[in-house]
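Here the sequence shown is numbered in our numbering, starting from 55 and rising by one per residue.
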Amino acid sequence: MSKFIFHTVETAPEKSKPMLEGAVKQMGAVPGLFAVMAESPETLKAYQQLHQIFMNCSFDAEELTVVWQTINVEHECTFCVPAHTAIAHSMKVDPALTEALRNEEAMPTEKLQALHDFTLAMVRERGNVSDQQMDAFFAAGYGQQQVLEIILGLSQKVISNYTNHVAKTPVGPMFEQFAWTKKRN
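Encoded structure:
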C-alpha cells in the first residue's frame, strides 16, 4: 500500500511552502488536505484558487454550504464534511442547515431543496441531468449562471474529495469536533 506524504511547511516542495505558510497564518495550522496536496504545488494552487473563485460566485453562504456539503456527503468524504461544517460555522450558516446536510435530511426551504436536489443530480448523473431536473431548478429561481457555478463547485470538490480518498486524510485536531461518517439505512 502506498502512503501519501503529509507535508509541513519545512518538508513541502519550495513552490508549496508559501501556500502552506498562508494556511498557517489564516487557520493556525496546515489542514491535512493541504499537507497532502503540497506534494503537487499545482494541485494545491488550483484547489485554493477554485475555492476562492467559488466563494465569490453568486451563491450566498447557505447556498455555498448546500453545494459543498451535498457533494461531500454524496462522495462520502470524511475529511471535507467536517471541514465544511467548520467553514459553515465561520460563515454564520444556521447549524440546523449544516446538520440537515450532514444527515441527508430535507432542506429548510424549497429553494435550498431545489439547489440540493439539482447538485445531487449533477453529481450522480455526471452532468447529464434531465430536462425535468433543469426545469425544476430554474423554477426555483436559479438560472444558467448557477448551473455553471455548481460545476465550478463540483470541480473544487472532486479535487479535494478524491485527494482525501486516495490519501486517507485524517480529520485531525482542526476539525475533529465535527467528525462525520455516512449513516447507513
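Note that CB positions come from ideal geometry on N, CA and C, so glycine has one too.
Cutting at 7 Å between CB atoms, please list the residues of its own chain near residue i, excluding the five before and the five after it.
i, result
"Ile107", "Leu206"
"Arg238", "none"
"Phe133", "Gly86, Leu87, Asn218, Thr223, Val225"
Whole-angstrom Cβ separation of residue i and residue j, contact assumed at under 8 Å?
i, j, result
"Ser209", "Leu118", "14 Å between Cβ atoms; not a contact."
"Pro67", "Pro85", "With a Cβ gap of about 17 Å, Pro67 and Pro85 do not count as contacting."
"Ser70", "Ala92", "4 Å"
"Val78", "Ala221", "Not a contact, Cβ separation roughly 20 Å."
Put residue i into one of helix, strand or coil per three-state DSSP.
i, result
"Trp122", "helix"
"Thr65", "coil"
"His170", "helix"
"Ile16", "No answer is possible for residue 16: it lies beyond the span of the chain, which begins at 55 and ends at 239."
"Ala190", "helix"
"Asn218", "helix"
Quick one: is residue i near chain B, going by C-beta distance under 9 Å?
i, result
"Pro72", "No chain B appears in the structure shown, which is made up of a single protein chain."
Which same chain residues end up closer than 8 Å to residue i when comparing Cβ atoms and leaving out the 5 residues on each side of it in sequence?
i, result
"Lys146", "Ala115"
"Val135", "Gln123, Asn126, Val127, Arg156, Phe232, Trp234"
Suppose you measure from the CA of residue i to the CA of residue j; what does that come to, to the nearest Å?
i, j, result
"Asn110", "Glu203", "10 Å"
"Asn182", "Met188", "10 Å"
Would you call the region 59 to 69 and the region 170 to 178 touching, i.e. three or more CB-CB distances under 8 Å? no
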